[in-house]
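This note's numbering runs 28 ahead of the 1-based position in the sequence shown. Working notes for the structure below.
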Amino acid sequence: MEDMSVITRFDPWRGKLCTCPAKYSFSPYTGCSHSCLYCYASSYIRGFSTSRPKVDLERRLLRDLAKIDRELPISMANSSDPYPPMELEVGLTRRCLSMLLPRGFKVMIITKSSIVARDVDLISKGNCAVSFTITTLDESLASIIEPKAPRPKERIKALKALSEAGVPCALRIDPIIPGLNDDEELIKRLVDEAVRAGVKHISSSTYKAKPDNFARMCRAFPDKEPYWRQLYLEEGVKIGGSTYMKESLRLQLMKMVKEIVESRGLTFSTCREGFPELTTSSTCDATHLIPVRVRPRGLG
Ligand code: SF4
């Protein structure tokens, strides 16, 4: 494992509350141009707001693939989106999927981009599931908190197209930010849209404050700053490198989402909240949705 180049064991910054099963992490791009205000990864990488294709990626990927445990899924990607707008011209993620899926590797795509639907031909034939992050259907709110990501209705359309092609899809309502997207009726609308589009599983998580994302959020929503300061900086708790709201508030929010999701007949999980008892699926990260369509074969 030591000399792996582009595939790594998944480790969410040593997050103590992570309940993910063992898996690998693979990002075709460094950085992410979606520029979400609440992004957790932006504090780790300089120049994060630009997506840059990794150099010599396919050769390095092929080399790493010879060394990994093929039983474990490859999560693509955890700290950058594999479908930034430049993917339409560059096609790097598509080329990587062309290497992974026909060879029977298990892949979980995590994205906020409708561009993923372009690759339905490859994805629907492979051992692959797709998890869409949609935090709100409110287009004007999304244009502030996720300014360069495709609009929520485009993501729902992509989810529907993939589902109709037989690709198992999950939804992440993540993060839920108090005062912005935590309204119960709006979450019901989002869940209902996703159910109509064919989603199979929904996970959720509350916003975790880090110095850089908290500053961006307060600049964009100055009227919310006193409220967030109270919830996070005064009453919140430090867990790992992030500040969480106090447990009772987080539990209340997660239970509310769980009830909505369960009432629609879907499974639910939370992400890095410390409430494993709320998870009703066999994995919290939706990797249980990955179908087995292709038997593993060699790399030649
Ligand atoms: S899509 Fe994810 S990695 Fe990219 S900016 Fe948004 S939160 Fe960060």
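Ideal Cβ positions, reconstructed from N, Cα and C, are used throughout, including at glycine. Just so it is clear, the structure is predicted and the values come from calculations on it, not from any experiment.
query: Whole beta strand (DSSP E) elements within the stretch 170–254, 3-residue minimum; result: 197–204 and 229–234
query: ALA177 beta carbon near the ligand MN (any heavy atom closer than 7 Å); result: Summarising the ligand content, the structure contains the ligand SF4 and does not contain the ligand MN.
query: ALA69 Cβ short of 7 Å to the ligand SF4 heavy atom set; result: yes
query: LEU150 versus VAL223 - alpha carbon distance; result: 24 Å
query: SER168 classed as buried or exposed, judged by whether at least 16 other C-beta atoms fall within 10 angstroms; result: exposed
query: Euclidean distance between Cα positions of LYS95 and PRO206; result: 43 Å
query: LYS140 CB to nearest heavy atom of the ligand SF4 below 7 Å; result: yes
query: Sequence-distant residues of the same chain with beta carbon closer than 6 Å to ARG131, five excluded per side; result: ARG325
query: N-terminal and C-terminal residue of the alpha helix (DSSP H) that CYS124 is part of; result: 120–128
query: In DSSP terms, what ALA157 is bridged to; result: MET136
query: Cβ contact check for the stretch 115–135 and the stretch 280–293: 3 or more pairs under 8 Å; result: no
query: Inter-residue CB distance, MET104 and SER79 (contact presumed, cutoff 8 Å); result: With a Cβ gap of about 14 Å, MET104 and SER79 do not count as contacting.
query: Inter-residue Cα distance where the pair is GLU287 and ARG88; result: 44 Å
query: Buried versus exposed call for GLU174 [16 or more other C-beta atoms within 10 Å across all chains shown]; result: buried
query: Environment of GLU301 [buried if 16+ CB atoms lie within 10 Å]; result: buried
query: Beta-bridge partners of THR58, as assigned by DSSP; result: ARG80
query: Nearest to ALA177 (by Cα), restricted to the options ILE162, PHE242, VAL195 and LEU190; result: ILE162
query: MET273 - DSSP class collapsed to helix/strand/coil; result: coil
query: Spatial distance of LYS188 from ILE230 (CA atoms); result: 15 Å
query: Close-in-space but distant-in-sequence residues of the same chain around LYS181 (CB under 8 Å, 5 per side omitted); result: LEU165 and GLU167
query: Closer than 7 Å: CYS64 CB and nearest the ligand SF4 heavy atom; result: yes
query: DSSP three-state assignment for THR308, whether helix, strand or coil; result: coil
query: The beta strand (DSSP E) enclosing VAL265, as first and last residue numbers; result: 265–267
query: Nonlocal neighbours in the same chain, by C-beta distance under 7 Å from SER63, ignoring five residues either side; result: SER77, PRO175 and LYS176
query: Integer-rounded CB distance, given that ILE172 should sit under 8 Å from VAL285; result: With 8 Å as the limit, VAL285 and ILE172 do not qualify as a contact, their Cβ atoms being about 22 Å apart.
query: Among SER33, VAL34, THR47 and ASP31, nearest to CYS312 - alpha-carbon criterion; result: THR47
query: ARG37 - DSSP class collapsed to helix/strand/coil; result: strand
query: Identity of the residues DSSP links to TYR52 by a beta bridge; result: ARG37 and ILE102
query: 8 Å Cβ cutoff met for ALA157 and SER107; result: no
query: Neighbourhood of PHE296 by C-beta, 8 Å cutoff - its chain only, sequence neighbours within 5 removed; result: HIS229, ILE230, SER231, SER232, VAL285, LYS286, VAL289, GLU290, LEU306, THR307, THR308 and SER309
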